[in-house]
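Chains as they are written, first to last, in this note's numbering: chain A, 2 to 114; chain B, 39 to 151. Note that the Cβ used here is the ideal one computed from N, Cα and C, for glycine as well. One structure is given here, and the rest of the page talks about it.
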């Protein structure tokens, strides 16, 4: 079974721009969660999508948004980028049931200049 | 507000000895706890979990202990091996509804040969 894939792996943007990151979950998994990892802050939960609906949301501003498609692939969008948005963005795939754990992709490293 | 804390950013242990990584949480509603291991340039990999109805869970060299009254969990690695050198994240949350987990800031473990 193929793992979680994220594209692109690296991205450089400037302040004020917007960015879209993509995540393809493990085949058959219906839940995708997004996390932001910065030094000293650990992994901060952004949101979770299940069957194309946002099921949980973390404490991030509205500039951070996401969506999920019918094939379970998910995208995350950040508008009006700020320097502080520079981080590793991780997505995690989960079957949607209660028994399984979530599996992480390798992440997208976003640098905002 | 950090709901999950790992107060030791780093830990060094001799090969063959025990590694003990600690984690504290603040929310008494959390009912599921996990440990992840992360190598550079990779996403976190699930290591071991424990539900709030247990106080101990073992998987080979890895044991997780949960003390609900103290809101504390720990990961024991015995014996430690050089390949265990990585950053370890603990996570706490609830699987119902959906998956919303809060992560600590990580502890970097170095196992010295």
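Tell me, which residues are paired with residue i by DSSP?
i	result
residue 112 of chain A	A/13
residue 108 of chain B	Looking at the DSSP assignment, residue 108 of chain B forms no beta bridge with any residue, so it has no partner.
residue 31 of chain A	DSSP lists no partner for residue 31 of chain A.
residue 129 of chain B	B/72 and B/141
residue 68 of chain A	A/76
residue 62 of chain B	B/43 and B/110
residue 43 of chain A	A/39
residue 19 of chain A	In DSSP, residue 19 of chain A forms no bridge with anything.
residue 50 of chain B	B/148
residue 115 of chain B	B/57 and B/100
residue 57 of chain A	A/49
residue 123 of chain B	In DSSP, residue 123 of chain B forms no bridge with anything.
residue 25 of chain A	A/6
residue 94 of chain A	A/33 and A/104
residue 89 of chain A	A/38 and A/110
So, for residue i: in the same chain, excluding its five sequence neighbours on each side, which residues have a beta-carbon less than 6 Å away from its beta-carbon?
i	result
residue 55 of chain A	48
residue 23 of chain A	8 and 76
residue 54 of chain B	117
residue 88 of chain B	71, 95, 102 and 104
residue 60 of chain B	112
residue 68 of chain A	76
residue 93 of chain A	34, 103 and 105
Tell me which residues share the same chain as residue i and place their Cβ nearer than 7 Å to its Cβ, disregarding the 5 neighbours each side in the sequence.
i	result
residue 63 of chain B	41, 42, 109 and 130
residue 92 of chain B	104
residue 84 of chain B	72 and 74
residue 88 of chain A	37, 38, 39 and 111
residue 52 of chain B	150
residue 1 of chain A	This structure cannot speak to residue 1 of chain A, because chain A is shown only from 2 to 114.
residue 73 of chain A	26, 30, 31 and 33
Would you grab the beta carbon distance between residue i and residue j for me? Rounded to a whole angstrom, and I think it's under 8 Å.
i	j	result
residue 111 of chain A	residue 90 of chain A	6 Å
residue 81 of chain B	residue 108 of chain A	6 Å
residue 19 of chain A	residue 82 of chain A	7 Å
residue 46 of chain A	residue 44 of chain B	Contact flag wrong, Cβ pair sits at about 16 Å.
residue 115 of chain B	residue 100 of chain B	6 Å
residue 16 of chain A	residue 96 of chain A	Actually they are not in contact, since the Cβ atoms of residue 16 of chain A and residue 96 of chain A sit about 38 Å apart, beyond 8 Å.
residue 145 of chain B	residue 50 of chain B	Contact flag wrong, Cβ pair sits at about 11 Å.
residue 66 of chain A	residue 78 of chain A	5 Å
residue 143 of chain B	residue 43 of chain A	4 Å
residue 41 of chain A	residue 27 of chain A	No, residue 41 of chain A and residue 27 of chain A are not in contact; Cβ-Cβ is about 30 Å, not under 8 Å.
For residue i, which residues in the same chain have their Cβ closer than 8 Å to its Cβ, ignoring the five residues on either side in sequence?
i	result
residue 90 of chain B	68, 69, 70, 71, 104 and 106
Shorter than 8 Å from the beta carbon of residue i to some beta carbon of chain E?
i	result
residue 50 of chain B	Protein chains in the displayed structure are A and B, and chain E is not among them.
### Task
Could you run through the region 80-103 of chain B and flag, in chain order, every residue whose CB is less than 9 Å away from some CB of chain A?
80, 81, 82, 83, 84 and 87
### Task
Pull out every residue of the region 55-73 of chain A whose Cβ sits closer than 7 Å to any Cβ of chain B, in chain order.
56 and 57
### Task
Just list the beta strand (DSSP E) runs in the region 73-101 of chain B, keeping only unbroken ones of 3 residues or longer that don't cross its boundaries, in chain order.
83-89 and 94-97
### Near-chain B residues of the region 28-51 of chain A - C-beta to any C-beta below 7 Å
32, 34, 41, 42, 43, 44, 46, 49 and 51
#### Entry: Residues of the region 102-114 of chain A whose Cβ lies closer than 8 Å to any Cβ of chain B, in chain order
102, 103, 104, 105, 106, 107 and 108
#### Entry: Under 7 Å (Cβ pairs) to chain A, residues found in the region 48-72 of chain B
72
### Message
Closer than 7 Å between beta carbons: that is the criterion. Which residues of the region 84-95 of chain A meet it against chain B?
### Response
91 and 95
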